[in-house]
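Below: the structure, in structure tokens.
There are 2 protein chains.
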Amino acid sequence: MTSSRPDTAGALRSATAALVAERGPTGFSLREVARRAGVSHAAPAHHFGDSRGLLTAVATEGFQTLSANFDTALVGIEAPVARLTAMGRAYVRTAQENPGHFGVMCNDELVDNDDPEFAAVASAAYLRLVDAIAAIRDAHNPDLDVDAAATLTFSAIHGLAILTPSLGDLADKTDTATAPADDLVERFTEFFMHGFAPASERAVAPGSTH
Amino acid sequence: MTSSRPDTAGALRSATAALVAERGPTGFSLREVARRAGVSHAAPAHHFGDSRGLLTAVATEGFQTLSANFDTALVGIEAPVARLTAMGRAYVRTAQENPGHFGVMCNDELVDNDDPEFAAVASAAYLRLVDAIAAIRDAHNPDLDVDAAATLTFSAIHGLAILTPSLGDLADKTDTATAPADDLVERFTEFFMHGFAPASERAVAPGSTH
DNA sequence: GTGTCAAGTTGACAGTGTCAAGCTACGGAA
DNA sequence: TTCCGTAGCTTGACACTGTCAACTTGACAC
Chain A
1 MTSSRPDTAG
11 ALRSATAALV
21 AERGPTGFSL
31 REVARRAGVS
41 HAAPAHHFGD
51 SRGLLTAVAT
61 EGFQTLSANF
71 DTALVGIEAP
81 VARLTAMGRA
91 YVRTAQENPG
101 HFGVMCNDEL
111 VDNDDPEFAA
121 VASAAYLRLV
131 DAIAAIRDAH
141 NPDLDVDAAA
151 TLTFSAIHGL
161 AILTPSLGDL
171 ADKTDTATAP
181 ADDLVERFTE
191 FFMHGFAPAS
201 ERAVAPGSTH
Chain B
211 MTSSRPDTAG
221 ALRSATAALV
231 AERGPTGFSL
241 REVARRAGVS
251 HAAPAHHFGD
261 SRGLLTAVAT
271 EGFQTLSANF
281 DTALVGIEAP
291 VARLTAMGRA
301 YVRTAQENPG
311 HFGVMCNDEL
321 VDNDDPEFAA
331 VASAAYLRLV
341 DAIAAIRDAH
351 NPDLDVDAAA
361 TLTFSAIHGL
371 AILTPSLGDL
381 ADKTDTATAP
391 ADDLVERFTE
401 FFMHGFAPAS
411 ERAVAPGSTH
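So the protein sequences, as listed, match chains A and B. Residue numbers for the first sequence follow the working numbering, beginning at 1 and rising by one. Residue numbers for the second sequence follow the working numbering, beginning at 211 and rising by one.
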């Protein structure tokens with residue numbers, strides 16, 4: 001009988017994701033979300049406290065699907081470098097497929113970073129990146145500074161996910177080229193690996209990443 | 211007598227930067243800006259059309275100071291790698307010193323990317339990055355894909371500038387370490403260079419970046 | 001029955017962006 | 001001088017927003 005129950009909270013979450021995907025975080029409005037979910041304008045506040053609470057719930061959902069996509073992307077892949085590449089691809093793919101969630105997920109303005117459930121899933125996702133890089137350290141370069149490398153990869157991949165629309169514009173206006181985000185992930189990991197691996201192993205990277 | 215003229219537009223721009231620095235882009239409000247500038251609530255619209263127009267003007271100002279900071283950071287520095295590092299440092303320093311401008315500059319939501327003046331200064335700033343990387347190609351690795359490398363460095367440095375607050379939180383919650391943004395710029399360029407340089411020249415990087 | 005509690009509604013409030021209209025001062029043109 | 005236009009800004013209105021307090025409704029426990 002769970003399907004006959006209205007699940008207002010869930011309806012509000014998905015209406016929010018749809019609205020953010022459609023109009024961006026700026027175009028989001030509690031009342032419009034309530035309208036789309038077919039409830040009164042104060043219903044969201046009842047479930048989520050305030051608008052930040054609702055957006056935090058959506059961001060939490062986004063990190064959960066990101067982690068799930070990491071899982072499926074990594075099955076059967078053993079080589080540490082290949083695993084990092086797979087995670088990068090999963091990240092940009094998730095961003096592309098869930099624009100409503102991603103528009104909110106890494107936005108300090110909109111989300112309550114201290115919400116315990118949100119903090120848990122966000123940390124979990126970040127730790128998987130750290131683990132992937134620790135594996136690269138173990139396999140290729142014992143001197144690798146894992147924390148700094150994780151910061152770099154996260155900054156780069158998230159910057160890429162965020163800037164993708166702007167980069168197209170910028171490339172047009174400056175007569176430079178830009179590849180699809182998916183290809184860029186490959187390029188990024190290649191660049192990363194030439195740097196992450198010690199001199200003796202650097203010849204490994206180019207072929208083994210695919 | 212230009213100093214006796216009120217310069218309402220300028221007052222509105224700096225009130226906007228101050229307000230965004232204080233409350234973030236979300237806390238920004240046209241009427242509050244007007245209040246702080248001591249003009250009526252509709253004055254901003256008269257000068258900038260709508261709220262997006264005002265934010266675009268502030269973003270334009272931000273890119274101008276960024277370019278100016280690139281200029282001063284690069285005087286007397288010749289080595290291509292050192293120049294890239296200097297630009298990275300100038301970028302994060304500008305972001306830290308002008309939070310109000312940076313909160314708006316790379317935000318598609320808030321800014322009109324088609325505004326000609328904005329497009330010009332944003333493209334100019336990006337082209338300087340591309341030039342810096344082209345110089346690295348010329349000096350170290352003729353096969354370097356300049357466009358992809360520029361995308362990577364821009365994504366990483368901008369991601370870093372954006373994520374800096376979140377990264378601190380994340381590091382605390384996951385028991386990982388995070389260095390100050392300034393130090394991370396150094397780390398980033400070291401990582402970059404190990405990758406950017408061809409195998410025969412890779413020994414060059416570590417010492418020559420400082 | 002009575003009580004309690006979650007879920008949701010209704011109505012109000014101050015605050016918001018934007019638009020149309022008006023006001024004021026000033027710089028030519030007649 | 002008078003007239004006209006225009007830049008710069010104000011005033012007032014409109015629909016919309018987030019949030020709060022008060023209310024209703026229904027289900028379950030005792």
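Cβ coordinates follow ideal geometry from the N, Cα and C atoms, glycine included.
{"Item": "Just reading off the alpha helix (DSSP H) that A:H194 is part of, what are its end residues?", "Value": "181-196"}
{"Item": "By Cβ distance below 7 Å, which residues in the same chain neighbour A:S200 in space, the five residues on each side in sequence not counted?", "Value": "Its pLDDT being 44, under 50, A:S200 is placed unreliably by the model, and nothing is read from it."}
{"Item": "With 7 Å as the C-beta to C-beta threshold (strictly closer), list the residues of the stretch 376-400 of chain B near chain A in chain order.", "Value": "S376, L377, D379, L380, K383, T384, T386, A387, T388, A389, L394, R397, F398"}
{"Item": "Using a cut-off of 7 Å between C-beta atoms, extract the partners of A:Y126 located in chain B.", "Value": "L380, T384"}
{"Item": "Tell me whether A:V215 is buried or exposed, calling it buried when 16 or more other Cβ atoms sit within 10 Å of its Cβ.", "Value": "The question about residue 215 of chain A has no answer here: the residues shown for chain A are numbered 1 through 210."}
{"Item": "Report buried or exposed for A:A120, applying the criterion of at least 16 other Cβ atoms within 10 angstroms of its Cβ.", "Value": "exposed"}
{"Item": "Between B:D281 and A:I136, what straight-line distance do the alpha-carbon atoms span, to the nearest angstrom?", "Value": "38 Å"}
{"Item": "Measure from the C-beta of A:N113 to each C-beta in chain B and report whether the shortest distance is under 7 Å.", "Value": "yes"}
{"Item": "Classify A:G195 as buried or exposed, calling it buried when 16 or more other Cβ atoms lie within 10 Å of its own Cβ.", "Value": "With a pLDDT of 46 at A:G195, under the threshold of 50, the predicted position of this residue should be treated as unreliable, though the coordinate-derived value follows. Burial call: buried."}
{"Item": "Using the C-alpha atoms, what's the distance from B:E288 back to A:N98?", "Value": "44 Å"}
{"Item": "Should B:A292 be flagged as near chain A, meaning a C-beta pair shorter than 7 Å?", "Value": "no"}
{"Item": "Touching or not, the stretch 317-332 of chain B and the stretch 264-271 of chain B, by the rule of three or more beta carbon pairs under 8 Å?", "Value": "yes"}
{"Item": "What does B:E319 touch in chain A if you count any residue whose Cβ is under 7 Å from its own?", "Value": "G24, P25, T26"}
{"Item": "Let me make sure I understand the geometry here. Which of B:L294, B:R293, B:T304 has the alpha-carbon closest to that of B:A278?", "Value": "B:T304"}
{"Item": "For a contact meaning CB atoms closer than 7 Å, what does A:A119 contact in chain B?", "Value": "K383"}
{"Item": "Contact defined as beta carbons within less than 8 Å: I believe B:V230 pairs with B:G310. What is the distance between those atoms, to the nearest angstrom?", "Value": "4 Å"}
{"Item": "Check each candidate in A:L12, A:S51, A:I162, A:A148 and name the one with the smallest Cα separation from A:G38.", "Value": "A:L12"}
{"Item": "Would A:L12 pass as an interface residue toward chain B - the criterion being a Cβ-Cβ separation below 7 Å?", "Value": "no"}
{"Item": "Looking only at its chain, what residues have a beta carbon closer than 6 Å to the beta carbon of B:L240, apart from the 5 residues adjacent to it on each side?", "Value": "P254, S261"}
{"Item": "Counting contacts by CB-CB distance shorter than 7 Å, is B:V340 in contact with chain A?", "Value": "yes"}
{"Item": "DSSP three-state call for A:P80: helix, strand or coil?", "Value": "helix"}
{"Item": "Taking the continuous alpha helix (DSSP H) assigned at B:D382, which residues delimit it?", "Value": "356-384"}
{"Item": "So B:T384 and A:V185 are in contact, right, with Cβ under 8 Å, and what is the actual spacing, rounded?", "Value": "Rounded, the Cβ-Cβ distance is 23 Å, inconsistent with contact."}
{"Item": "Does any residue of chain A have a CB that is nearer than 7 Å to the CB of B:A225?", "Value": "no"}
{"Item": "Quick one: is A:A59 near chain B, going by C-beta distance under 7 Å?", "Value": "no"}
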